[in-house]
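Asker: Chains as they are written, first to last, in the working numbering: chain A, 231 to 488; chain B, 27 to 510. Ideal placement from N, C-alpha and C gives every residue a C-beta, glycine not left out. Take a look at the following structure, please.
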Amino acid sequence: MLRVDSLHAGVGGKEILSGLSFELPAGQVHAVMGPNGSGKSTLAHVLAGRGPYEVTGGQVSFEGADLLALSPEERAAAGLFLAFQHPVEIPGVANMYFLRTALNAVRRARGEDEVGPGEFLGLVEQKAAQVGLDRALLQRSVNEGFSGGEKKRNEVLQMAVLAPRLAILDETDSGLDIDALRVVAEGVNALRGPQRGFLVITHHQRLLDYVAPDAVHVLVGGRIVRSGGAELAPQLEANGYAGLLGPQAGGALAPLAS
Amino acid sequence: MTTTLDGAQVAELASREYQYGFVSDIDTDLAPKGLSEDVIRLISEKKEEPGWLLQWRLNAYRHWLTMAEPTWQNVTYGPVDYNDIIYYAAPKASKKKPSSLDEVDPELRAMFDKLGISLAEQERLTGVAVDAVVDSVSVATTFQRELAKVGVIFCSMSEAVRRYPDLVRAYLGSVVPYRDNFFATLNSAVFTDGSFCYVPKGVRCPMELSTYFRINAAGTGQFERTLIVAEDGASVSYLEGCTAPMRDDNQLHAAVVELVAMEGASIKYSTVQNWYPGDADGKGGIYNFVTKRGRCAGAGSKISWTQVETGSAVTWKYPGVVLQGEGSVGEFYSVALSAHHQQADTGTKMVHIGKGTRSTIVSKAISAGQGQNTYRGLVKVLRSAEGARNHTRCDSLLIGPRCGAHTFPYIEVKHPSAQVEHEATTSKVSEDQLFYCRQRGISEEEATSMIVNGFCREVFRELPMEFAVEAQRLLSVSLEGAVG
Chain A
231 MLRVDSLHAG VGGKEILSGL SFELPAGQVH AVMGPNGSGK STLAHVLAGR
281 GPYEVTGGQV SFEGADLLAL SPEERAAAGL FLAFQHPVEI PGVANMYFLR
331 TALNAVRRAR GEDEVGPGEF LGLVEQKAAQ VGLDRALLQR SVNEGFSGGE
381 KKRNEVLQMA VLAPRLAILD ETDSGLDIDA LRVVAEGVNA LRGPQRGFLV
431 ITHHQRLLDY VAPDAVHVLV GGRIVRSGGA ELAPQLEANG YAGLLGPQAG
481 GALAPLAS
Chain B
27 MTTTLDGAQV AELASREYQY GFVSDIDTDL APKGLSEDVI RLISEKKEEP
77 GWLLQWRLNA YRHWLTMAEP TWQNVTYGPV DYNDIIYYAA PKASKKKPSS
127 LDEVDPELRA MFDKLGISLA EQERLTGVAV DAVVDSVSVA TTFQRELAKV
177 GVIFCSMSEA VRRYPDLVRA YLGSVVPYRD NFFATLNSAV FTDGSFCYVP
227 KGVRCPMELS TYFRINAAGT GQFERTLIVA EDGASVSYLE GCTAPMRDDN
277 QLHAAVVELV AMEGASIKYS TVQNWYPGDA DGKGGIYNFV TKRGRCAGAG
327 SKISWTQVET GSAVTWKYPG VVLQGEGSVG EFYSVALSAH HQQADTGTKM
377 VHIGKGTRST IVSKAISAGQ GQNTYRGLVK VLRSAEGARN HTRCDSLLIG
427 PRCGAHTFPY IEVKHPSAQV EHEATTSKVS EDQLFYCRQR GISEEEATSM
477 IVNGFCREVF RELPMEFAVE AQRLLSVSLE GAVG
């Protein structure tokens, strides 16, 4: 589904991703873990097409198409969703209206019929109940005055409504209490299916206790330095990234203690 | 209540240019170019006016000759040659005002159909009474008979002068005297048509009233005059819309609107101003120099102005309320957009005279392209206005790096018990907001339009439903090409 091949990217002439490669097949959940500054969020933003990040080398194919040639909204229409680490506030725009506009924009781009307000109301209320988002928040302005947990639930709600092919969660677990974390995890688990892929970017293992990944990639210094199964996450948690890396960050791999 | 456009409508509209820029081929009766006592006599004669009104016009003209054009406003425009303007232009067919729509010149009807205001349909379907003013004259007023049943007078100013001279004489210039300011004085001398509305005691006007202004003839100015009087306990909601053809030269629009609200009366006046703004390089467009003022004469009366200003090359207006009656209320809700090379210097004046008077000001200014937007507001609390209160909220939104927003609030308070609050913010449509929307599949243009509409929501919800939809549509269209 997603194939990243020696991706180089940076901002303002400074390289952040230095030849990153991995492959995410449909139906799987992959975790990307790594220390601060390793390029995790850059990876999420580059995949979503955000400026001012520049891709300086490599390829990314998504469902066989050249992802890097698409605009952010075309990527969304192709089924790529990014759950933001810091969801943005849009004053005066009702959350529900925003979400319907997004859904219809995506549907239009795919040549599908738009969803009318009545039908949408039913859909969104059902999904809101699933993710435990207070209905009142649907009428409020997008993310304005939401608590940290409410913002993240709102991201999960958007994901549930837009039902993407590939969902990238950019540190969605950061700053969440255990209840909110469960909601996020349940949201992901409810959407798991053979046609859908997830890229869960996280600093900690916590979220992975609830969302069992099919693979874990360790990102250090802009490169995947290690890939493995779900068992890699608790090892990292126990030994830290330093244990994985040996004395020089970004240098040669030290053998993992097992 | 908020209304919102769906994406398809926005996308479709965003690809349009100023769509009202056509010229209709209508045979027009013109006064000679230039301004003189003779021209004023000619206008007065054409309109079969009584002697007192001609005298009033001449007084205004003589006073105007002693005045200088104001320069304090924060806009720049080329000099206006007042002798190079045609002060009277009338579609010829309208010499005798038609008594029913069937008698309206088909060309004129076609023009209004093209503007999306089918006069016949307005009459049949929408339940909004429309007075249609083309250049200097009113060409049709719908629903007059139905309104007359409840005693509401709604007609063109010319007709009012002929049929209700005493009412006109009692109130004309009672809120905006002919000496008021350069443009209002000019208007007093040469005003041609406009709407007149009188709502008698205790009557709630059963439908929205609306005037649609259209400048068609080249080289003309439009100087309409509107007067609305609501007697004790009466109420009325009034809408005003305007468009003009695309022309390379600038055209002057200097209107005066006067509102009078007696005890317990309420007047709601909404404007969607969409005069031709000039092209993307700033060539052409309307100079919109307008004086609008309401007088809350009676206790417990209320006057509310809502304006959406998207058109004109230069806008210069301050709809205000003189709060005379005890406990009277003044409101001003404004959205002003300056895109491309447009300039707007607009705001309000709230003058508190009576005890316990209250006013609310909500101003939303949007600047895009190289547009310059100025909020200028006066809140004045006189010594007599014990317990007066004002709340002002003044927000500016910038789109792109080359536009500007300016705020000049003037506050004068003479009574120690007054409470005056002023809040102001300036923000930008941020990269973060745009990317967030785009990541969800919403195009940059649609996202900008959505963010701008969100910014204006507090004002749009004050508009009557149909106008709110129109206003959102206009914002989307006006921002076209000015974003990025």
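Would you say A/I246 lies against chain B (beta-carbon separation less than 9 Å)?
Answerer: no
Asker: Which residues in chain A have a C-beta closer than 7 Å to the C-beta of B/M233? List them in chain order.
Answerer: Under the 7 Å cutoff, chain A gives no residues; its nearest Cβ is about 28 Å from B/M233.
Asker: Sorted by chain position, which residues of the same chain lie with C-beta nearer than 6 Å to B/T30's C-beta, five sequence neighbours on each side aside?
Answerer: Summary for B/T30: the model assigns pLDDT 43, below 50, so the residue's position carries little reliability; its value from the coordinates is reported in the next sentence. Excluding positions up to five away in sequence, the list is empty.
Asker: Can you give me the C-alpha to C-alpha distance between B/R384 and B/A256, rounded to a whole angstrom?
Answerer: 19 Å
Asker: Under a CB-based cut-off of 9 Å, is B/S469 close to chain A?
Answerer: Taking Cβ atoms only, chain A reaches closer than 9 Å to B/S469, which makes this a yes.
Asker: So, for B/S184: in the same chain, excluding its five sequence neighbours on each side, which residues have a beta-carbon less than 6 Å away from its beta-carbon?
Answerer: Within the same chain, Cβ atoms closer than 6 Å to the Cβ of B/S184 are found at K73 and D219, the five residues on either side in sequence being excluded.
Asker: Am I right that B/L424 and B/K454 are in contact with their C-beta atoms under 8 Å? What's the rounded C-beta distance?
Answerer: 5 Å
Asker: Are the stretch 293-313 of chain B and the stretch 362-377 of chain B touching, with three or more C-beta to C-beta distances below 8 Å?
Answerer: yes
Asker: In angstroms with no decimal places, state the Cα-to-Cα distance between B/I329 and A/P321.
Answerer: 28 Å
Asker: Looking at the secondary structure, which residues open and close the beta strand (DSSP E) in which A/H260 lies?
Answerer: Per DSSP, A/H260 belongs to the beta strand (DSSP E) from V259 to M263.
Asker: Whose C-beta lies closer than 7 Å to the C-beta of B/A86 among residues of the same chain, with five residues either side of it excluded?
Answerer: Y204, T211, S214 and A215
Asker: Please state the DSSP three-state secondary structure of A/V425.
Answerer: Looking at the sequence shown, residue 425 of chain A is not Val but Gln. It is coil, neither helix nor strand.
Asker: Taking C-beta pairs closer than 7 Å, name the residues in chain B that A/E303 reaches, listed in chain order.
Answerer: R464, G467, I468 and S469
Asker: Give the single residue among B/G382, B/G373, B/E63 and B/V388 whose Cα lies nearest to the Cα of B/A411.
Answerer: B/G382
Asker: Is the beta carbon of A/D444 closer than 9 Å to that of A/Q315?
Answerer: no
Asker: So if DSSP puts B/C420 in a beta bridge, which residue, or which two residues, is it bridged to?
Answerer: B/S389 and B/A450
Asker: Identify which residue in B/F209, B/A287 and B/C181 has its Cα closest to the Cα of B/S238.
Answerer: Looking at the sequence provided, one finds Tyr at residue 238 of chain B rather than Ser. It is B/C181 whose Cα lies nearest to the Cα of B/Y238.
Asker: Give the straight-line distance between the Cα atoms of B/D371 and A/D364, rounded to the nearest whole angstrom.
Answerer: 43 Å
Asker: Establish whether the CB of A/I431 and some CB of chain B are separated by less than 9 Å.
Answerer: no
Asker: Going straight from the alpha carbon of A/E385 to that of A/A306, what length do you get?
Answerer: 14 Å
Asker: Using the Cβ count rule (16 or more neighbours within 10 Å means buried), how would you classify B/M93?
Answerer: exposed
Asker: Applying the criterion that 16 or more other CB atoms from any shown protein chain within 10 Å of the CB defines a buried residue, is B/V176 buried or exposed?
Answerer: exposed
Asker: What does the alpha-carbon distance come out to for the pair B/W82 and B/Y313?
Answerer: When rounded, the separation of the alpha-carbon atoms in B/W82 and B/Y313 is 25 Å.
Asker: Mind checking if A/T331 is an interface residue toward chain B, Cβ cutoff 9 Å exclusive?
Answerer: Residue contact with chain B for A/T331: present (Cβ-Cβ distance below 9 Å to some residue of chain B).
Asker: Here's the rule I'm using: 16 or more other beta-carbon atoms within 10 Å means buried, otherwise exposed. How should A/I398 be labelled?
Answerer: Buried, since its Cβ has 16 or more Cβ neighbours within 10 Å.
Asker: For a contact meaning CB atoms closer than 7 Å, what does A/V318 contact in chain D?
Answerer: The structure shown contains no chain D; the protein chains it does contain are A and B.
Asker: Mind checking A/N266: buried by the 16 CB within 10 Å criterion, or exposed?
Answerer: Sixteen is the threshold: since fewer than 16 other Cβ atoms of the shown chains lie within 10 Å of the Cβ of A/N266, the residue is exposed.
Asker: Run down chain B in chain order and give the residues with a C-beta less than 8 Å from the C-beta of A/L312.
Answerer: Q465
Asker: Roughly how many angstroms separate the alpha carbons of A/L310 and A/V446, rounded to a whole number?
Answerer: 20 Å
Asker: Just to confirm my understanding: we take B/K121, look at its own chain, exclude 5 residues before and 5 after, and list those with CB closer than 7 Å. What are they?
Answerer: Residue placement at B/K121 is poorly supported in this model, since its pLDDT is 47, which falls under 50; the coordinates still yield a value, given next. Here the set comprises nothing.
Asker: Cα separation between B/Y295 and B/Y359?
Answerer: 10 Å
Asker: List in chain order: all unbroken beta strand (DSSP E) runs of 3+ residues lying wholly within the stretch 168-245 of chain B.
Answerer: 179-182, 221-225 and 234-240
Asker: Strictly below 8 Å CB to CB, what residues from chain A border B/E472?
Answerer: T331 and A335
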